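A.B. asks: Please find one structure pasted underneath; my questions will follow.
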Amino acid sequence: MRTPPPAGNPFSPQKSGQDKKRPGGFFDAPWQLLLQVLVALLLVWLWQESVQRATVTTIPYSTFLDKLAKKEILECTITPDEILGKMAAPPPTKKEGEGKPEPKAALFRTVRVEDPNLVAELQSAHASYASVRPSLLSQLIFSWILPIGIFFLIWVGLSRWMTRGAGYSLLNVGKSRARLVAEEGTGVSFEDVAGCQEAKIELQEVVDFLKSPGRYRALGAKIPKGVLLIGPPGTGKTLLARAVAGEAHVAFFSLSGSEFVEMFVGVGASRVRDLFVQAKGRAPCIIFIDELDAIGRQRGVRIAMGHDEQEQTLNQLLVEMDGFDPNEGIILLAATNRPDILDRALLRPGRFDRHVVVDLPDAQGRESILAVHSRGKPLAPATNLQEIAQATSGFSGADLANLMNEAALLAARRQAHQIEQADLLEALEKVIAGPERRSLQLAEEEKHRVAYHEVGHALIAAVTPGADPVRKISIIPRGRAALGYTLQLPPAQQYLLTRTQLLAKIRCAMGGRAAEEVVFREVSTGAENDLEVATTLARQMVCLYGMSESVGLAHLVSSRPGMAEVPGVNGHVEYSGETARLVDQEVQRLLETAYREAKTILQDERKTLEEVTAELLKKETLGAEQFFALLPDSIKKPLATPP
Ligand code: ADP
Ligand code: MG
Ligand code: ZN
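The numbers in the sequence shown follow this note's numbering, run straight up by one, and end at 650.
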């Protein structure tokens, strides 16, 4: 009776029964039998070896010669490497007891030394001796078949172990791993995708074609083979592709670019080939390649490892795209957020020639995305999604989905049955600044410093024309780094920033440090992030937007965006050292001017600074109304009305 071996052991003989389901599997009956026999042989051989070794005494060659001289060697067999045989008296070891049945003889073994006199000595000792040369068969078995067999077993075992659960094995590595979604499509419709109306209109054509290709064929119209969705992360590109398949009720093959690029050279290309063969069998259908940039990078500019593989994969994709007739009913969709690094051959007519931009949503789009994601979440009647949409400029669809979910979690935490506007606002802050950390206890002096710092930001924002209005000041630590923060949000959707607005931003960022210096006559490390923001803005003004008189209108980039990883290949500096020095001077000048202005303002408004800070220390957070109520009339004027 054999007890079933533990499941998952690749060597277990019992597995054959279970693995029958796997058609053509490697562990089917004939192989199974061979393996069993091999393993059994191996075990028997090992056992014999170990038994032999236990009863045989190994003696040095010198001892052997001694015994030979004393005529104690009874018989021996000489092999190329060693001498085995029987000797008369066992050596004085514990073996004595065991040797009882044959007290006069013990087995011995000695490693052979090259000794031309051996035969003569054996002859004179009258020992019976014979020489054995290992048979060709056993030599073959031991030096070839056995090692190869062992390595084969290890390889099979490893490959099964490595790929267990991955659904494929190294033995059929080229098979496409495209996930085939059922005929019904993906279950996602255009209604689930809010905003991005233009993208939906463009894609509607693709849907129509997939639904009734005959109409297009009759008119001789050629539908684009490839549609490339371009947009920042989280804007719903993947979602849109799924929605197209869902709307058209066609099969949806989805792969991500990185899935193509595998460790084994040539595998990526065979994946592409397989994929197209499979897709042709399921037409009409959609092949969706997510993160196309993973395979579609420009050829010949990379110096990283593995780019040969990537090039082959890309070439194969290009070949396949040329090879099918668009009216076969296969449409390629692809998504990327890095169109700038894609190989140009991919974008030429006949390939991904239709480009659909999926941009960050505008205020209206954000409101409808919030509405989509509030489905199934009971909102209180008083909630105002429009206000949230106004306050979230720059958010992507994924950010908004996350915000909605955070709000639901917050409502659940207070055991409420409905999501209130306060939950949404709290979630907004959490998403922007990280969760509150009330447990972090600041020393009294540090707390004062943080309060002055934040009020510094807020006051500068209040007096500076063009600055984003202050929505909230808080000295409750949030997230990983912020000890306090001032929330400023733009009044509505903004696509352009004027020079005044940029300067205002820099000045506001300087407000915190300026306040610290005005009040404490000493600065702290708390302004690092502010300085980073200000420096980046100033550098952009000088280098990208042509907003500095002395540097002029030139667009100065040291490298193309996204190419900075490979200095010396693409990242050549396109301006002279003198210009670089001038740029640095200009950036410095902008920052210092902003800082000086901020300091002057705070010195002039020292009284207001003290009052607001005292209030902030008392309440820990100040909303917009509370903050503006504390300001003297002279400051309030230039301000837009708070929300
Ligand atoms: P991308 O592929 O562009 O990086 P995804 O399509 O994966 O972004 O979007 C991530 C998630 O964000 C989606 O699952 C969805 O919940 C949400 N989302 C993004 N954009 C939208 C949108 N326009 N409408 C509704 N939900 C969206
Ligand atoms: Mg995606
Ligand atoms: Zn600050």
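Idealized CB from N, CA, C, for every residue including glycine. In this text, all values refer to a predicted model and were calculated from it rather than measured experimentally.
Do A541 and H460 have their C-beta atoms closer together than 8 Å?
C.D. replies: Sequence index remark: in the sequence shown, residue 541 carries index 534 (1-based). Sequence index remark: in the sequence shown, residue 460 carries index 453 (1-based). The answer is no: Cβ separation not under 8 Å.
A.B. asks: Using DSSP with H/G/I as helix, E/B as strand and the rest coil, what is E581?
C.D. replies: As a working note, residue 581 is residue 574 in the sequence shown. Here E581 sits in coil by DSSP.
A.B. asks: Any idea what DSSP makes of H460, helix, strand or coil?
C.D. replies: Numbered from its first residue, the sequence shown carries residue 460 at position 453. The DSSP-derived three-state label of H460 is helix.
A.B. asks: Give the secondary structure of K1 by DSSP, where H, G and I count as helix, E and B as strand, and everything else as coil.
C.D. replies: No information on residue 1 is available, as it lies outside the stretch 8 to 650 that the chain covers here.
A.B. asks: Identify, in the order they occur along the chain, each residue of the same chain with its Cβ nearer than 7 Å to the Cβ of G253, setting aside the five sequence neighbours on each side.
C.D. replies: Within the sequence shown, residue 253 is the residue found at index 246, counting from 1. These residues qualify, in order along the chain: G192, T193, G194, V195, S196.
A.B. asks: So, Q495 versus V470, is the Cβ gap smaller than 8 Å?
C.D. replies: Locating residue 495 in the sequence shown gives position 488, where the first residue counts as 1. Locating residue 470 in the sequence shown gives position 463, where the first residue counts as 1. The answer is no: Cβ separation not under 8 Å.
A.B. asks: To which residues of the same chain is S555 closer than 6 Å at the C-beta, ignoring the five residues directly before and after it?
C.D. replies: On the sequence shown, residue 555 is found 548 positions in, with the first residue counted as 1. The residues are V549, E593.
A.B. asks: R514 and A605 - do their beta-carbons sit closer together than 8 Å?
C.D. replies: In the sequence shown, residue 605 corresponds to position 598, counting from 1. In the sequence shown, residue 514 corresponds to position 507, counting from 1. Cβ distance < 8 Å, so A605 and R514 count as in contact.
A.B. asks: Can you give me the Cβ contacts of R249 inside the same chain, cut-off strictly under 6 Å, excluding the 5 residues immediately before and after it?
C.D. replies: Position 242 of the sequence shown holds residue 249. Hits under 6 Å: T193, V195.
A.B. asks: In whole angstroms, give me the CA-to-CA distance for L349 and T493.
C.D. replies: Within the sequence shown, the letter at position 342 stands for residue 349. Within the sequence shown, the letter at position 486 stands for residue 493. Approximately 40 Å, taken between the alpha carbons.
A.B. asks: So L75 and L147 are supposed to be a Cβ contact under 8 Å. How far apart are they, rounded?
C.D. replies: For the purposes of this step, residue 75 is taken as residue 68 along the sequence shown, with counting starting at 1. For the purposes of this step, residue 147 is taken as residue 140 along the sequence shown, with counting starting at 1. So it is not a contact: roughly 34 Å between Cβ atoms.
A.B. asks: What does the Cβ neighbour count give for L380, buried or exposed, with the cut at 16 atoms within 10 Å?
C.D. replies: In the sequence shown, residue 380 corresponds to position 373, counting from 1. Looking at the sequence itself, residue 380 is His, so the reference to Leu does not match. H380 comes out buried.
A.B. asks: Rounded to whole angstroms, how far is the Cβ of T245 from the Cβ of G404, which I believe are closer than 8 Å?
C.D. replies: As a first step, residue 245 is located in the sequence shown; it is residue number 238 there, counting from the start. As a first step, residue 404 is located in the sequence shown; it is residue number 397 there, counting from the start. No, T245 and G404 are not in contact; Cβ-Cβ is about 10 Å, not under 8 Å.
A.B. asks: By Cβ distance, which residues of its chain are closer than 7 Å to H424, with the 5 residues on each side in sequence left out?
C.D. replies: Translated into the one-based positions of the sequence shown, residue 424 becomes position 417. The answer, listed in chain order, is P385.
A.B. asks: What's the gap between the Cα of V590 and the Cα of E266?
C.D. replies: Numbered from 1 along the sequence shown, position 583 holds the residue referred to as residue 590. Numbered from 1 along the sequence shown, position 259 holds the residue referred to as residue 266. Approximately 43 Å, taken between the alpha carbons.
A.B. asks: With hydrogens ignored, establish whether the beta-carbon of K244 is closer than 7 Å to any heavy atom of ligand 2.
C.D. replies: Walking along the sequence shown from the start, residue 244 turns up at place 237. Yes, the beta carbon of K244 sits closer than 7 Å to at least one heavy atom of ligand 2.
A.B. asks: Between the beta-carbon of L417 and the beta-carbon of E433, is there less than 8 Å?
C.D. replies: Within the sequence shown, residue 417 is the residue found at index 410, counting from 1. Within the sequence shown, residue 433 is the residue found at index 426, counting from 1. For L417 and E433, yes; Cβs fall inside 8 Å.
A.B. asks: May I have the straight-line CA-CA distance separating A489 from A440, to the nearest angstrom?
C.D. replies: In the sequence shown, residue 489 corresponds to position 482, counting from 1. In the sequence shown, residue 440 corresponds to position 433, counting from 1. Using only the alpha carbons, I get a separation of about 8 Å.
A.B. asks: State the DSSP-derived secondary structure class of I148, mapped to helix, strand or coil.
C.D. replies: For this step, residue 148 is matched to residue 141 along the sequence shown. DSSP places I148 in helix when its eight states are reduced to three.
A.B. asks: G238 and D366 - do their beta-carbons sit closer together than 8 Å?
C.D. replies: Locating residue 366 in the sequence shown gives position 359, where the first residue counts as 1. Locating residue 238 in the sequence shown gives position 231, where the first residue counts as 1. A contact, by the Cβ cut-off of 8 Å.
A.B. asks: So is the beta-carbon of G559 under 7 Å away from any non-hydrogen atom of ligand 1?
C.D. replies: Within the sequence shown, numbered from 1, the residue matching residue 559 stands at position 552. No, ligand 1 has no heavy atom inside 7 Å of this Cβ.
A.B. asks: From the DSSP secondary-structure annotation, give me the bridge partner or partners of H562.
C.D. replies: Here residue 562 corresponds to residue number 555 of the sequence shown, with the count starting at 1. BP columns for H562 are empty, so no partner.
A.B. asks: Could you check the C-alpha separation between F635 and A468 for me, to the nearest Å?
C.D. replies: Residue mapping note: residue 635 aligns to position 628 of the sequence shown, counting from 1. Residue mapping note: residue 468 aligns to position 461 of the sequence shown, counting from 1. Rounded to the nearest angstrom, the two C-alpha atoms are 11 Å apart.
A.B. asks: Indicate the three-state DSSP secondary structure (helix, strand or coil) for T64 in the structure shown.
C.D. replies: Locating residue 64 in the sequence shown gives position 57, where the first residue counts as 1. Three-state DSSP puts T64 in a strand.
A.B. asks: Can you check whether the CB of P472 is closer than 8 Å to the CB of S400?
C.D. replies: Position 393 of the sequence shown, counted from the start, is the residue given in the question as residue 400. Position 465 of the sequence shown, counted from the start, is the residue given in the question as residue 472. Result no, Cβ atoms of S400 and P472 do not sit closer than 8 Å.
A.B. asks: May I ask you to check if the CB of D350 is nearer than 7 Å to at least one heavy atom of ligand 3?
C.D. replies: Numbered from its first residue, the sequence shown carries residue 350 at position 343. No, the Cβ of D350 stays beyond 7 Å of every heavy atom of ligand 3.
A.B. asks: Tell me whether L217 is buried or exposed, calling it buried when 16 or more other Cβ atoms sit within 10 Å of its Cβ.
C.D. replies: Locating residue 217 in the sequence shown gives position 210, where the first residue counts as 1. By the 10 Å Cβ count, L217 comes out buried.
A.B. asks: Taking only the alpha-carbon atoms, compute the straight-line gap between L41 and G164 and give it to the nearest angstrom.
C.D. replies: Locating residue 41 in the sequence shown gives position 34, where the first residue counts as 1. Locating residue 164 in the sequence shown gives position 157, where the first residue counts as 1. If you take the alpha carbons of L41 and G164, they lie about 15 Å apart.
A.B. asks: Is DSSP giving F260 helix, strand or coil here?
C.D. replies: Start at 1 with the first residue of the sequence shown, and residue 260 comes out as number 253. The answer is strand: DSSP assigns F260 an E or B state.
A.B. asks: Tell me whether F283 is buried or exposed, calling it buried when 16 or more other Cβ atoms sit within 10 Å of its Cβ.
C.D. replies: Indexing the sequence shown from 1 puts residue 283 at position 276. Buried, by the Cβ-count rule.
A.B. asks: Using only the heavy atoms of ligand 1, determine whether one of them is closer than 7 Å to the beta carbon of G303.
C.D. replies: Position 296 of the sequence shown, counting from 1, holds the residue named residue 303. The closest heavy atom of ligand 1 lies 7 Å or more from the beta carbon of G303.
A.B. asks: Ligand 2 and A342: does the residue's C-beta get closer than 7 Å to at least one heavy atom of that ligand?
C.D. replies: Taking the sequence shown and counting its residues from 1, one reaches residue 342 at position 335. Indeed, a heavy atom of ligand 2 lies less than 7 Å from the Cβ.
A.B. asks: Examine ligand 2 and report whether any of its heavy atoms sits within less than 7 Å of the Cβ of D215.
C.D. replies: Indexing the sequence shown from 1 puts residue 215 at position 208. No, the beta carbon of D215 sits no closer than 7 Å to any heavy atom of ligand 2.
A.B. asks: May I have all residues whose beta carbon comes closer than 6 Å to any heavy atom of ligand 3, sorted in chain order?
C.D. replies: H460, H464, G519, A534, D537
A.B. asks: Between A434 and ligand 1, is the CB less than 7 Å from at least one heavy atom?
C.D. replies: Counting from 1 along the sequence shown, the entry for residue 434 is found at position 427. False, no ligand heavy atom lies under 7 Å from that Cβ.
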